[in-house]
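Colleague: Numbering-wise (this note's numbering), the sequence shown opens with residue 517 and increments by one.
All C-beta atoms in this analysis are idealised placements derived from N, C-alpha and C, irrespective of residue type, glycine included.
Quick caveat: nothing in here was measured; it's all calculated off a predicted structure.
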Amino acid sequence: MQSLSENQADVIVVGAGPAGSTTAYHLARAGLDVLLLEKTTFPREKICGDGLTPRAVTQLVRMGIDTSPANGWLHNRGLRILAGGVQLELDWPELAAHPNYGLVRPRADFDDLLARQAKQAGVRLLEDCNVTAPILDPRTSRITGVSARLGGEKTDTEFHAPLVVAADGNSTRLSIAMGLHKREDRPMGVAYRAYYKNPRHTDDYLESWLELSDAKHPDRLLPGYGWIFGMGDGTSNIGLGILDTSKAFGKVDYRDMMQRWLATTPQEWELTEENRTVPIRGAALPMGFNRKPHYTRGLLLVGDAGGMVNPFNGEGIAYAMESGELAARVIAQAKARTGTYARELALSDYPRILGETYGGYYTLGRYFVKLIGNPKVMQLATQRGLSHPMLMKFTLKLLANLTDPRGGDAMDRIINGLAKVTPRA
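#1: How many whole angstroms separate the CB atoms of His614 and Pro570, which I take to be in contact at a CB cut-off of 8 Å?
#2: Quick check: Pro867 and Pro827, are their CB atoms within less than 7 Å of each other?
#3: From what residue to what residue does the beta strand (DSSP E) around Trp608 run?
#4: Once the 5 residues before and after Ile754 are set aside, which same chain residues still bring their CB inside 8 Å of it?
#5: Note down, in chain order, each residue of its chain lying with its Cβ closer than 7 Å to the Cβ of Trp589, except the 5 sequence neighbours on either side.
#6: Kindly provide the ranges of any alpha helix (DSSP H) runs that are 4 or more residues long and lie completely inside the region 752–794, ordered along the chain.
#7: Tell me the rounded alpha-carbon separation between Ala935 and Ser839.
#8: Distance check for Gly705 and Arg797, CA to CA, integer angstroms please.
#9: DSSP three-state label for Val818, please.
#10: For a quick check, are the C-beta atoms of Gly757 and Gly830 less than 7 Å apart?
#11: Excluding the 5 residues flanking Phe765 on each side, which residues of the same chain have their C-beta closer than 6 Å to its C-beta?
#12: Looking only at its own chain, which residues have a Cβ that is under 6 Å from the Cβ of Gly567, when we skip the five neighbours before and after it?
#13: Indicate whether at least one CB of chain B lies closer than 7 Å to the CB of Tyr878.
#14: Can you give me the C-alpha to C-alpha distance between Ile651 and Thr761, rounded to a whole angstrom?
#15: Would you say the region 686–700 touches the region 818–826, given that touching needs at least three Cβ pairs under 8 Å?
#16: Just the C-alpha distance for Asp925 and Leu880, rounded to the nearest angstrom, thanks.
#17: Checking 7 Å against the spacing of the C-beta atoms, do Asp628 and Phe675 come in under that value?
#18: Would you give the residue range spanned by the beta strand (DSSP E) that Pro802 belongs to?
#19: Tell me whether Tyr874 is buried or exposed, calling it buried when 16 or more other Cβ atoms sit within 10 Å of its Cβ.
#20: Once DSSP output is grouped into helix, strand and coil, what is the label at Ala664?
#21: Excluding five sequence neighbours on each side, which residues of the same chain lie with their C-beta closer than 6 Å to the C-beta of Ala848?
#22: Determine the direct distance from the alpha carbon of Leu553 to that of Leu912, and round the result to whole angstroms.
#23: Tell me, which residues are paired with Cys645 by DSSP?
#24: Between Arg813 and Ile659, which are expected to be in contact by the criterion C-beta below 8 Å, what is the C-beta distance as a whole number of angstroms?
#25: Gly600 to Gly661, Cα distance in whole Å?
#26: Distance, Cα to Cα, Gln524 vs Phe884?
#27: If you draw a straight line from the C-alpha of Lys763 to the C-alpha of Arg699, how long is it?
#28: Do you know offhand how far Asp701's Cα is from Cys645's?
#29: Pick from Ala843, Thr854, Leu726: whose alpha carbon is nearest that of Ser864?
#30: How long is the line joining the alpha carbons of Asp549 and Lys892, rounded to whole angstroms?
#31: Specify the secondary structure class of Leu728 as computed by DSSP and reduced to three states.
#32: What residue range does the alpha helix (DSSP H) around Thr539 cover?
#33: Report the residue ranges of all alpha helix (DSSP H) runs contained in full by the region 685–752; include only those spanning at least 4 residues, in chain order.
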């Protein structure tokens, strides 16, 4: 479909991260004219673990992206968990709904790849386009477009569309300008990461550390959790995270904490400051629907803008992409309707679909976050759980949200049942 003008579209998507590019791609495939506005230029760095679970792989396949090693992807077999001196390797489950492998790819390359895929589908991508404010209908306060600063221009340019998608991440200035603020009763995390040259860069397991040793105080544990994900290029993405249920949240020097943890790893891993290739940087993890409503007055929220990070494991990319596809499906249905009421009826279904898909599971995640915020509970769980492989297999399915929605094994049915009977987030 051709646009009426270069500054007008059926839908404007703000932000070309995984959520925005996926939304735009599926909208274009449905025949809509889409403007995708990105404030930076590609390639660009993002703070992330760079590890993708099978849920994210499913979304890449749905976008027609080749996920083979020949196309630059590093495959992984599952998750390696370390805690209390115990190490357990868990392969990704064999499911009908998702593949049995995960992936690793740098975000600078990953986001660029998704944006280009959206562009190939017909999306009009504008880089170096910083959205500054929503444009509102003065009679209804409904969003009708956005103002944005293009490149080095000194004045804003207006872009118009009857629907706008906020895919501008945790800061989501667009949502805030529309009066949608964070809910303080939902979990929030923070993660810091850097890349280190080391000989373990081709590891075929994502490695998760549930306990972090402290080189300065060997008799104590550092707060939070850590990860080591091989990138396959001579480096590993290494980071740590902490949840706001921890008493240490916001009170520690995360860069010092990273150095103290890595100083306890084996010398042959070479995880020293000399081998760090980039600064240690951090980002917030908005979890469990911490910004609502997900649709209001012509604006839909996807990904981190809607607080869709999984509270169980801090994974955001899969849910960013899934919510983008869900939003696109709803918008396409609304576009096909005749009359304002019929279109709004279709659009108002988006929050309900999100609630049915993730609501109960995210509520379970909130309970989980509160429990592990207590160090004694966390220590007991790791000591008892890691010695029972079958229990840990169940835990992997729960934490990574990897079940078959129909049929499946007994573990799938228990997890799916729990999510259904738990009140929605």
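Modeller: Based on what the coordinates show:
#1: In this structure His614 touches Pro570 by the C-beta definition: roughly 4 Å separates them, less than 8 Å.
#2: Contact flag unset, no.
#3: It is not in any beta strand (DSSP E) - Trp608 carries neither H nor E in the DSSP assignment.
#4: Around Ile754: Arg709, Ala710, Tyr711, Tyr712, Gly742, Trp743, Ile744, Phe745, Met774, Leu778, Leu787.
#5: If we look at Trp589 and ignore the five residues flanking it on each side, its Cβ neighbours are Thr583, Leu619, Arg621.
#6: Fully enclosed alpha helix (DSSP H) runs of 4 or longer: 770–778.
#7: Going by the C-alpha atoms only, they are around 18 Å apart.
#8: Across the structure, Arg797 and Gly705 are spaced so that their CA atoms are roughly 14 Å apart.
#9: Val818: coil per DSSP, three-state reduction.
#10: A contact, by the Cβ cut-off of 7 Å.
#11: Excluding residues within five positions, the ones whose Cβ falls inside 6 Å are Ile758.
#12: Same-chain partners within the cutoff: Val620, Leu722, Phe745.
#13: In summary, chain B is missing from the structure at hand, where a single protein chain is found.
#14: Taking C-alpha positions only, Ile651 is separated from Thr761 by approximately 38 Å.
#15: Counting C-beta pairs closer than 8 Å gives three or more between the region 686–700 and the region 818–826, which meets the contact rule.
#16: Whole-angstrom Cα-Cα distance: 20 Å.
#17: Asp628 places its beta carbon 7 Å or farther from that of Phe675.
#18: Per DSSP, Pro802 belongs to the beta strand (DSSP E) from 797–802.
#19: By the beta-carbon neighbour count (other beta carbons within 10 angstroms, threshold 16), Tyr874 is buried.
#20: Looking at Ala664 - three-state DSSP - the assignment turns out to be strand.
#21: Hits under 6 Å: Ala546.
#22: The straight-line gap from Cα to Cα measures roughly 37 Å.
#23: Bridge partners of Cys645: Leu666.
#24: 6 Å between Cβ atoms; contact.
#25: Here the alpha carbons of Gly661 and Gly600 stand approximately 53 Å from one another.
#26: Going from the Cα of Gln524 to the Cα of Phe884 covers about 45 Å.
#27: Within the model, the alpha-carbon separation for Lys763 versus Arg699 is close to 19 Å.
#28: Rounded to whole angstroms, Asp701 to Cys645 spans 33 Å at the Cα level.
#29: From the listed residues Ala843, Thr854, Leu726, the smallest Cα separation to Ser864 is found for Ala843.
#30: Going by the C-alpha atoms only, they are around 54 Å apart.
#31: Three-state result, Leu728: strand.
#32: Per DSSP, Thr539 belongs to the alpha helix (DSSP H) from 534–545.
#33: Listed in chain order, they are 689–693.
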